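In the UniProt record's numbering, the protein residues as written are 1 to 417.
Even for Gly, the Cβ is constructed at its ideal location relative to N, Cα and C.
Just so it is clear, the structure is predicted and the values come from calculations on it, not from any experiment.
One structure is given below, encoded as structure tokens.
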């Protein structure tokens, strides 16, 4: 293979970390979820729990019904992030080309490491044992000349092998990959699976063996619209073609800064309650903007409303007269956008974005307001929050029942830290 790319996946990542932290659960089925909420979902389950019928995204109550001796452990998201970063450091001791794909999956380009670290198999085995000894997580390694093939090697083969390693190249793609059912192709979900089956394409090879032009014609007939870009995308995946390199940095220049919150619609039918959350979202967006040294001219607000049976949504934006990351200026614009487009129904989701970003070191002075003083107050508040936590200083409005700022302070991505 001209390039040797790995996709390394941590088996049952959250559950493996918890089992390593609790040796007393070594021989017990373990799942990660909120044990106090039987209606909550399972975020991860160890192999033993999976063998008892427990699956990811299953309700906690359903999992306990299938496996009464299941140990459900509350998630610790900050711990999982810390472990993920530690695993990245292990990878970087082999190659500087490491690209995180998710918290438990990372791409590695080890092409230049072969002459120093041994064969691809030897590197993969070394990575497996280093990660296992350091974190308690067993890794599966898919190898390929492209990122697409490495990903499909992991998902479809390495995860099912005892040694957790599988090579998928152009030389064995027709034998091993093409006979697989179409839903096992990367980026093919349930809806696209139905379309492909309706077109008579039941395996990955059914797409790969077609001429690209023929496949485009079939897609046009199925979707009754221009779908050439989508056609080429799936055709290249089926043939393992992917020119994208492993990029060591996952963040380019920011184009927008946003924050959203899912809500229980039964609790957010009144404007005064919705406004509390709206302001909390604006505070967090502005704080993030200042942390990264940005201000923005574009403000957008999105919301999902429901009458109990049907849902309605809107997303609107406006341009301010000058860039800002001051809370009161963004909040004023966000409230106006929401009021202009809200239908008065209970809200189940709110979303705020700051766009048209620019460097906050350049600011237009005004004769009517001391914006420098306002920024000084906001940045002083930011420093306190960075040191003592985001709930060290909160608005009085967040203390009412509708406020979610204190709850969010103890969470990462909606889960417990």
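Distances from the CA of residue 192 to each of 80, 83, 408 and 227 were compared; the closest alpha carbon is that of 227. Excluding sequence positions up to five before and after residue 200, its CB lies within less than 8 Å of the CB of 206, all in the same chain and listed in chain order.
In the displayed model, residue 375 falls within a helix according to three-state DSSP. Within the same chain, 140, 141, 142, 164, 165 and 166 come within 7 Å of residue 158 by CB-CB distance, once the 5 residues on both sides are set aside.
Of the residues 274, 378, 374 and 384, the one whose Cα lies closest to the Cα of residue 351 is 274. The beta-bridge partner set that DSSP reports for residue 143 consists of 6 and 167.
Here residue 17 is near residue 83, since their CB atoms are less than 8 Å apart. Residue 316 carries a strand assignment under DSSP once its states are collapsed to helix, strand and coil. Residue 312 sits exposed, since fewer than 16 C-beta atoms from the chains shown fall within 10 Å of its C-beta. From the listed residues 35, 298 and 66, the smallest Cα separation to residue 282 is found for 298.
Its chain contains 52, 53 and 54 as the residues whose beta carbon lies nearer than 7 Å to that of residue 66, once the 5 sequence neighbours on both sides are disregarded; these appear in chain order. The C-beta distance from residue 155 to residue 168 rounds to 10 Å, too long to fall under 8 Å, and the pair is not in contact. Under DSSP, residue 203 forms a beta bridge with 181. Here residue 14 is buried, its C-beta having at least 16 other C-beta atoms within 10 Å. Rounded to the nearest whole angstrom, the C-alpha separation of residue 188 and residue 152 is 12 Å. Contact between residue 316 and residue 278 is ruled out by a C-beta separation of about 13 Å, above the 8 Å threshold. Distances from the alpha-carbon of residue 324 to those of 355, 198, 62 and 343 put 355 closest. For residue 304, the enclosing beta strand (DSSP E) starts and ends at 294-306. As summarised for the region 14-78, the continuous alpha helix (DSSP H) elements at least 4 residues long and confined to that stretch are 47-51 and 60-66, given in chain order.
At a Cβ-Cβ threshold of 8 Å, residue 270 and residue 382 do not count as neighbours.
Burial is judged here by how many other beta carbons sit within 10 angstroms of a residue's own beta carbon; residue 399 has fewer than 16 and is exposed. A distance below 8 Å separates the beta carbons of residue 104 and residue 9.
Annotation for residue 202: 181, 182 and 196 place their beta carbon closer than 8 Å to its own, counting only its chain and skipping 5 residues before and after. Residue 361 sits in coil when the DSSP states are folded into three classes, being neither helix nor strand. In this model, residue 225 and residue 217 are separated by some 11 Å (Cα to Cα).
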